[in-house]
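If you're matching them up, the sequences are chains A and B in order. Okay, so the first sequence: first residue is 5 according to my numbering, each after it adds one. Okay, so the second sequence: first residue is 913 according to my numbering, each after it adds one. We put the CB at the ideal spot given by N, CA and C, even for glycine. Keep in mind the model is a prediction, meaning the values are calculated, not measured.
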Amino acid sequence: KAGVTQTPRYLIKTRGQQVTLSCSPISGHRSVSWYQQTPGQGLQFLFEYFSETQRNKGNFPGRFSGRQFSNSRSEMNVSTLELGDSALYLCASSLGSSQGLETQYFGPGTRLLVL
Amino acid sequence: EDQVTQSPEALRLQEGESSSLNCSYTVSGLRGLFWYRQDPGKGPEFLFTLYSAGEEKEKERLKATLTKKESFLHITAPKPEDSATYLCAGTSGGTYKYIFGTGTRLKVLA
């Protein structure tokens, strides 16, 4: 079974621009979660989508948004990029039927550098 | 506030020198405790899930245990290929969020 895939793998943007990241979950998984990973803060939860609806949200500003499509693929958008948004953005998928009990499987991440 | 704390931050071991990594948690109504391994530039790779105090799981040189306040990842006779960052995460019964610790960077020297 194919794993979680994320595109693109690397991105370089400048301050003020916006960016869209994509995630394709494992086949049959309906929950997709997004995390930001930085050396100082570790993995910080952004949001979770299940059946095209945002089910859970972390403490990030409104510049960070996401959506999920009917095939469970998900996109994350960051508008008005700031230098502090430079990070590894990870997507994780799970079945979605048992919240908090399921294993999340991670993709390889998208490395975003904001100049 | 729900929190997961890992110690030590970094650990250097000689090949064959067994040790334990600690993950302490203050998560309301813990539903699950998850261990992951992360290699540089890659996404976390799932290792174990523990659901109740007293539970233990093993895989090759790794063994994870869970008490009411913390979890341990025991590494027996480690090899250089065990070098990685080990992450633990707890899920809250109230919010269902996965709360990650900042990880332990393990380096095993040949």
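Check your understanding: So what does DSSP say about A:Ser88, is it helix, strand or coil?
Key -> The count along the first sequence starts at 1 and reaches residue 88 of chain A at position 84. According to the sequence as given, residue 88 of chain A is Gly; it is not Ser. Residue state, collapsed to three classes: helix.
Point to revise | CB contact check: B:Ala1001 to chain A, cutoff 9 Å | key: For the purposes of this step, residue 1001 of chain B is identified with residue 89 of the second sequence, where counting begins at 1. Yes, contact with chain A.
Practice item. Enumerate in chain order the residues of its own chain whose CB-to-CB distance from B:Ser964 is below 8 Å, with the five nearest sequence positions on each side excluded. Key: Here the question's residue 964 of chain B lines up with position 52 in the second sequence. Excluding sequence neighbours, B:Ser964 sits near Leu978.
Practice item. Tell me B:Ala1022's beta-bridge partners as DSSP assigns them. Key: Residue mapping note: residue 1022 of chain B aligns to position 110 of the second sequence, counting from 1. DSSP output for B:Ala1022 lists no bridge partner at all.
Check your understanding: Mapping DSSP to helix, strand and coil, what is A:Glu79?
Key -> For this step, residue 79 of chain A is matched to residue 75 along the first sequence. Strand, per DSSP.
**Study point:** B:Glu967 versus B:Lys954: straight-line alpha-carbon distance, rounded
**Key:** Here the question's residue 967 of chain B lines up with position 55 in the second sequence. Here the question's residue 954 of chain B lines up with position 42 in the second sequence. So the two alpha carbons sit approximately 29 Å from each other.
Review point. In three-state DSSP terms, what is B:Glu993?
Key: Translated into the one-based positions of the second sequence, residue 993 of chain B becomes position 81. Helix.
**Study point:** Terminal residues of the beta strand (DSSP E) in which B:Ser940 lies
**Key:** Reading the second sequence from its first residue, position 28 is the one you call residue 940 of chain B. Run containing B:Ser940: none; DSSP gives neither H nor E here.
Review point. Is B:Gly1005 close to chain A, meaning its C-beta is less than 9 Å from at least one C-beta of that chain?
Key: Counting from 1 along the second sequence, the entry for residue 1005 of chain B is found at position 93. Yes, because at least one Cβ of chain A sits closer than 9 Å to the Cβ of B:Gly1005.
Practice item. Could you say if the segment 28-43 of chain A and the segment 922-931 of chain B meet the contact criterion of at least three C-beta pairs nearer than 8 Å? Key: no
Practice item. Step through the CB atoms of chain A and report whether any lies within less than 9 Å of the CB of B:Lys975. Key: Counting from one through the second sequence, the residue named residue 975 of chain B turns up at place 63. No, no contact with chain A.
Point to revise | A:Ala96 burial status per 10 Å Cβ neighbour count (16 or more: buried) | key: One-based indexing of the first sequence puts residue 96 of chain A at position 92. Result: buried.
Exercise for review: If I'm right that B:Leu985 touches B:Arg924 with Cβ under 8 Å, what's the distance once you round it to whole angstroms?
Suggested key: For the purposes of this step, residue 985 of chain B is taken as the residue at position 73 of the second sequence. For the purposes of this step, residue 924 of chain B is taken as the residue at position 12 of the second sequence. Contact flag wrong, Cβ pair sits at about 16 Å.
Review point. Cα-Cα, which of B:Arg943, B:Leu962, B:Ser983 and B:Gln915 is closest to B:Cys935?
Key: By one-based count along the second sequence, residue 935 of chain B stands at place 23. B:Cys935 has its Cα closest to that of B:Ser983, out of B:Arg943, B:Leu962, B:Ser983 and B:Gln915.
Point to revise | Contact set between B:Arg943 and chain A, taken where Cβ atoms lie within less than 7 Å | key: Sequence index remark: in the second sequence, residue 943 of chain B carries index 31 (1-based). Ordered by position in chain A, the residues that pass the 7 Å Cβ test against B:Arg943 are Gly104 and Leu105.
Point to revise | Which listed residue (A:Arg13, A:Ala6 and A:Lys5) has its alpha carbon closest to that of A:Thr114 | key: Within the first sequence, the letter at position 110 stands for residue 114 of chain A. Minimum Cα distance to A:Thr114 is reached at A:Arg13.
Check your understanding: Just how far apart, CA to CA, sit A:Leu15 and A:Gln40?
Key -> Translated into positions along the first sequence, residue 15 of chain A becomes position 11. Translated into positions along the first sequence, residue 40 of chain A becomes position 36. One C-alpha to the other measures close to 14 Å.
Check your understanding: At which residues does the beta strand (DSSP E) containing A:Ile30 begin and terminate?
Key -> Position 26 of the first sequence, counted from the start, is the residue given in the question as residue 30 of chain A. A:Ile30 -> no beta strand (DSSP E), and no H or E assigned at all.
Check your understanding: Name the DSSP bridge partner or partners of B:Glu913?
Key -> Counted from its first residue, the second sequence places residue 913 of chain B at position 1. Its beta-bridge partners do not exist; DSSP assigns none.
Exercise for review: Pull up the distance between the alpha-carbon of A:Leu94 and that of A:Ser26, whole angstroms please.
Suggested key: Position 90 of the first sequence holds residue 94 of chain A. Position 22 of the first sequence holds residue 26 of chain A. If you take the alpha carbons of A:Leu94 and A:Ser26, they lie about 10 Å apart.
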